[in-house]
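Novice: Order-wise, the sequence lines are chains A and B.
Under our numbering, the residue at position 319 of the first sequence is numbered 319, and the numbers go up by one with no gaps.
Under our numbering, the residue at position 147 of the second sequence is numbered 147, and the numbers go up by one with no gaps.
Each residue gets a CB set at the ideal place from its N, CA and C atoms; glycine is no exception.
To start, I am sharing the structure in question, which I have written as structure tokens.
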Amino acid sequence: MSSLNELWDGNAPTIRGKTAIIGAGKSDVGRVPGKSVLALAAQAASAALSDAGIGRDAIDGVLASASFASPFHRFSVAFSEYFGLAPTFSNTLQVSGATAATMFNLAAAAISGGLARTILIVGSDSLYSGLTPDFALRAMSEGRDQQYEMPFGIPVANTFAMTAHRHMKEFGTTSEQLAKVAVIHREHARLTPGAQMTTPITVEDVLNSGWVTTPYHKLDCSLISDGAAAFVVTSADRAKAIGKSVPVYILGAGECYTHEHIFYMPSLTTTGAVQSSAGAYAMAKCSAPDIDVAGVYDCFTGTVIMILEDLGFCPKGEGGRFVDDGAITHGGAIPCNTHGGLLSFAHPGMPGSLFHFHEVVQQLRGCCGSRQVQGAELGLVHSLGAGFATNATTILGTEATL
Amino acid sequence: MKRIAPERSHEQPLPTPDADSQAYWQALRDGRLLLQHCAWCNNVQVYHQAICRKCGSTALEHRPASGYATVYSFSVVHRAPGPAFKEDAPYAVLLVELDEGPRMISSFVGGKPEDVAFGMRLRLVCDSVTEEISLPRFTPINVETGGQSRPREET
Chain A
1 MSSLNELWDG NAPTIRGKTA IIGAGKSDVG RVPGKSVLAL AAQAASAALS DAGIGRDAID
61 GVLASASFAS PFHRFSVAFS EYFGLAPTFS NTLQVSGATA ATMFNLAAAA ISGGLARTIL
121 IVGSDSLYSG LTPDFALRAM SEGRDQQYEM PFGIPVANTF AMTAHRHMKE FGTTSEQLAK
181 VAVIHREHAR LTPGAQMTTP ITVEDVLNSG WVTTPYHKLD CSLISDGAAA FVVTSADRAK
241 AIGKSVPVYI LGAGECYTHE HIFYMPSLTT TGAVQSSAGA YAMAKCSAPD IDVAGVYDCF
301 TGTVIMILED LGFCPKGEGG RFVDDGAITH GGAIPCNTHG GLLSFAHPGM PGSLFHFHEV
361 VQQLRGCCGS RQVQGAELGL VHSLGAGFAT NATTILGTEA TL
Chain B
1 MKRIAPERSH EQPLPTPDAD SQAYWQALRD GRLLLQHCAW CNNVQVYHQA ICRKCGSTAL
61 EHRPASGYAT VYSFSVVHRA PGPAFKEDAP YAVLLVELDE GPRMISSFVG GKPEDVAFGM
121 RLRLVCDSVT EEISLPRFTP INVETGGQSR PREET
């Protein structure tokens, strides 16, 4: 990716270190009956503002992910009304699972470019209680191609399953290695207060959990949850002036959209995460071995294995063995999803990857208690969606990394 | 965002042909799978659209595909995407590579879903699901009697 490196060399425009996350908050997550999508969003937003030590009046921008269970097309606008805000910068984003990282990337660019001073990022949904799992799966499929894909009964899971299947064929990745991803995530969730699933599981439990769509068993698949998360992002200067929390800086951003239909995915086993992370690394002036802690989108176990390779944490085809060797847990080369991820913490749809951000921010602040990655200074979050159609990477760092 | 009405959740989604895809769905009713061939750059594409995806030309010719394909990847669906497909499960969704090059999504008929394998040779079956719509599905071919098609190396 020499062209990307050239792009961010010298005096090229960059958002590196210009903005920082000064507040992070979560709603109740998991199965949360009796709370609307907007109420969950407001709960998370209040927590984020309180964490930042600022009031609503400090917010002049709102970015939100769209919601499946809430009917508002302009969710960011509906949320602003609900929460008592009248922002002068706002948008509702929808690039499936990648939306989380794109909100941080766009917030950093908007603040750097003068469109807003302090932006509230919020994502909320109620897939379990508001929609029920059946409707959630159908609603997610409704947005896929209705002529060339959906008539064949292709769930979102199926597109990911076909990539994992191909990865197994090309590189010898095994069902046991996929299962190990789920087991590690469950171990992580057990250390995380509020995680949806905390009963220990074994590789055998995953393999015996019944097929969803081959090669994925039930426990290879992420959860269906309710929940919200919110963040406050502001300029680096303002972060020190107004925030009470230790700022976590946005150092690099990259995105890549290689296809819409799975049959146009250039390769079933190499994703746009290669390009999105190359852009983010170049902008952040670091590379994969420098990263101390990561949030890696884990909608399915095989997704993690492919993305670990594409982010450069291990060579292509080695992801299964990398996981098997303990590389993605505490003490390993790159602890990932230390909160338990979409597989065991919670997966309320587009907000799901915001929990990866929440965890990486807390790790970089050094306040993760028993699950703290010691000395974590550089963090990466990779969000993706829609059968790898959408990929977005954000690199975060402490003041020491500036 | 779009939310389907509960009373429609048991209906299987059917394609609604648009200006780009009318000829494609019409031909399937007549038992042919049309591919778009670009007169400028020779690109062959499925998913009918007004311009060549490779060079942007509008000089696209419709030609019927041979109907032969190979399994590039697949997944057997046991947990259907909502109520509409529950009675069909388990069924195999295929990512096939047509002999002409392009890939497409389809589903497997004429055999057990668990028999599907990488590299399996297939031929087109136009499955008339309503008076207007025939879906392009694929069924195994016996290589020895596969007519003009030679067995191919696994891709």
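Exposed or buried, what is residue 151 of chain A when buried is set at 16 or more other beta-carbons lying within 10 Å of its beta-carbon?
Specialist: Under this definition residue 151 of chain A is a buried residue.
Novice: By how many angstroms is the C-alpha of residue 123 of chain A removed from the C-alpha of residue 93 of chain A?
Specialist: Approximately 10 Å between the Cα atoms of the pair.
Novice: For the region 381-401 of chain A, list every residue whose C-beta sits within 9 Å of some C-beta in chain B, in sequence order.
Specialist: Result list empty, no residue passes.
Novice: Assuming residue 299 of chain A and residue 342 of chain A are in contact, meaning their beta carbons sit under 8 Å apart, how far apart are those beta carbons, in whole angstroms?
Specialist: The Cβ separation is near 6 Å, so the contact holds.
Novice: Taking the continuous beta strand (DSSP E) assigned at residue 83 of chain A, which residues delimit it?
Specialist: First-last for residue 83 of chain A: 75-83, but that is the alpha helix (DSSP H), not the beta strand (DSSP E).
Novice: In chain B, which residues lie with their C-beta within 9 Å of the C-beta of residue 141 of chain A?
Specialist: Correct list: 13, 81, 82.
Novice: Quick check: the region 390-401 of chain A against the region 139-154 of chain A, are at least 3 beta-carbon pairs closer than 8 Å?
Specialist: Verdict: no, contact absent.
Novice: Looking at C-alpha atoms only, which residue of A/254, A/13, A/382, A/180 is the closest neighbour of residue 309 of chain A?
Specialist: Closest option to residue 309 of chain A, Cα to Cα, is A/382.
Novice: Ordered along the chain, which non-local residues of its own chain (more than five positions away) have a Cβ less than 8 Å from that of residue 109 of chain B?
Specialist: These residues qualify, in order along the chain: 125, 127, 137, 138, 139.
Novice: Are the C-beta of residue 97 of chain A and some C-beta of chain C separated by less than 8 Å?
Specialist: Given the protein chain composition of this structure (A and B), no chain C is represented.
Novice: Per DSSP, residue 225 of chain A is paired with what?
Specialist: None; residue 225 of chain A has no bridge partner.
Novice: So, with DSSP's three-state summary, where would you put residue 29 of chain A?
Specialist: In this structure, residue 29 of chain A counts as coil in the three-state DSSP scheme.
Novice: Contact between the region 210-224 of chain A and the region 17-27 of chain A: three or more CB pairs below 8 Å?
Specialist: Too few Cβ pairs lie closer than 8 Å, so no.
Novice: Would you mind working out which of B/123, B/105, B/101 sits nearest residue 111 of chain B, comparing C-alpha positions?
Specialist: Cα-wise, what sits closest to residue 111 of chain B is B/123.
Novice: Quick one: grab the DSSP three-state call for residue 154 of chain B.
Specialist: Only weak support exists for where residue 154 of chain B lies, its pLDDT of 46 falling under 50; the coordinates are left without a value.
Novice: Along the chain, where does the alpha helix (DSSP H) containing residue 89 of chain A start, and where does it finish?
Specialist: Counting along the chain, residue 89 of chain A falls outside any alpha helix (DSSP H), though it belongs to the beta strand (DSSP E) covering 89-93.
Novice: What residues from chain A crowd round residue 57 of chain B, counting only those whose CB sits closer than 9 Å?
Specialist: Residues of chain A passing the Cβ test: none, with the nearest at roughly 18 Å.
Novice: Let's test the definition: count the other Cβ atoms within 10 Å of the Cβ of residue 106 of chain A and tell me whether it reaches 16, buried, or not, exposed.
Specialist: It is buried - the Cβ of residue 106 of chain A has at least 16 other Cβ atoms within 10 Å.
Novice: Let's test the definition: count the other Cβ atoms within 10 Å of the Cβ of residue 240 of chain A and tell me whether it reaches 16, buried, or not, exposed.
Specialist: Burial call: exposed.
Novice: Just by C-beta distance, which residues in the region 122-146 of chain B are closer than 7 Å to chain A?
Specialist: Cβ contacts with chain A: 135.
Novice: So which of B/97, B/34, B/130, B/80 has the shortest CA-CA distance to residue 154 of chain A?
Specialist: Of the candidates B/97, B/34, B/130, B/80, the one whose C-alpha sits nearest the C-alpha of residue 154 of chain A is B/80.
Novice: Distance cutoff 8 Å, beta carbons only. Does residue 220 of chain B sit that close to anything in chain A?
Specialist: Any answer about residue 220 of chain B is impossible in this case: the structure gives chain B only from 1 up to 155.
Novice: With distances taken Cα to Cα, identify the nearest neighbour of residue 373 of chain A among A/347, A/338, A/385, A/356.
Specialist: The candidate whose alpha carbon is nearest that of residue 373 of chain A is A/338.
Novice: Going by DSSP in three states, residue 211 of chain A sits in which element: helix, strand or coil?
Specialist: Strand at residue 211 of chain A.
Novice: Considering just the uninterrupted stretch of the beta strand (DSSP E) at residue 64 of chain A, what are its terminal residues?
Specialist: First-last of the beta strand (DSSP E) with residue 64 of chain A: 61-65.
Novice: For residue 101 of chain B, which residues from the same chain have a beta carbon less than 6 Å from its beta carbon, with the 5 sequence-adjacent residues on both sides left out?
Specialist: Cβ neighbours of residue 101 of chain B beyond the five flanking positions: 44.
Novice: With a cut-off of 8 Å, do at least 3 Cβ pairs link the region 63-72 of chain A to the region 122-138 of chain A?
Specialist: Touching, yes, given that three or more Cβ pairs across the two stretches are closer than 8 Å.
Novice: Note down, in chain order, every chain A residue with its Cβ under 7 Å from the Cβ of residue 75 of chain B.
Specialist: Chain A residues near residue 75 of chain B: 158, 161, 162, 165, 213, 214.
Novice: Consult DSSP for residue 282 of chain A and reduce its assignment to one of helix, strand or coil.
Specialist: Residue 282 of chain A falls in the helix class under three-state DSSP.
Novice: Three or more C-beta pairs under 8 Å: does that hold for the region 253-262 of chain A against the region 221-237 of chain A?
Specialist: Counting Cβ pairs under 8 Å, fewer than three are found: no touch.
Novice: Is DSSP giving residue 264 of chain A helix, strand or coil here?
Specialist: In this structure, residue 264 of chain A counts as helix in the three-state DSSP scheme.
Novice: Is there a Cβ of chain B sitting closer than 8 Å to that of residue 138 of chain A, yes or no?
Specialist: Closer than 8 Å: yes.
Novice: Of all the residues that make up the region 178-194 of chain A, which are near chain B by a beta-carbon distance shorter than 8 Å?
Specialist: From the region 178-194 of chain A, no residue has a Cβ closer than 8 Å to chain B.
Novice: Considering only their Cβ atoms, is the gap separating residue 84 of chain A from residue 56 of chain A smaller than 8 Å?
Specialist: Yes, these two residues count as a Cβ contact at 8 Å.
Novice: What residue range is occupied by the uninterrupted beta strand (DSSP E) comprising residue 125 of chain A?
Specialist: Counting along the chain, the beta strand (DSSP E) containing residue 125 of chain A begins and ends at 118-126.
Novice: Using a Cβ-Cβ cutoff of less than 6 Å, which residues in the same chain neighbour residue 368 of chain A once the five nearest sequence positions on both sides are dropped?
Specialist: Cβ within range, chain order: 362.
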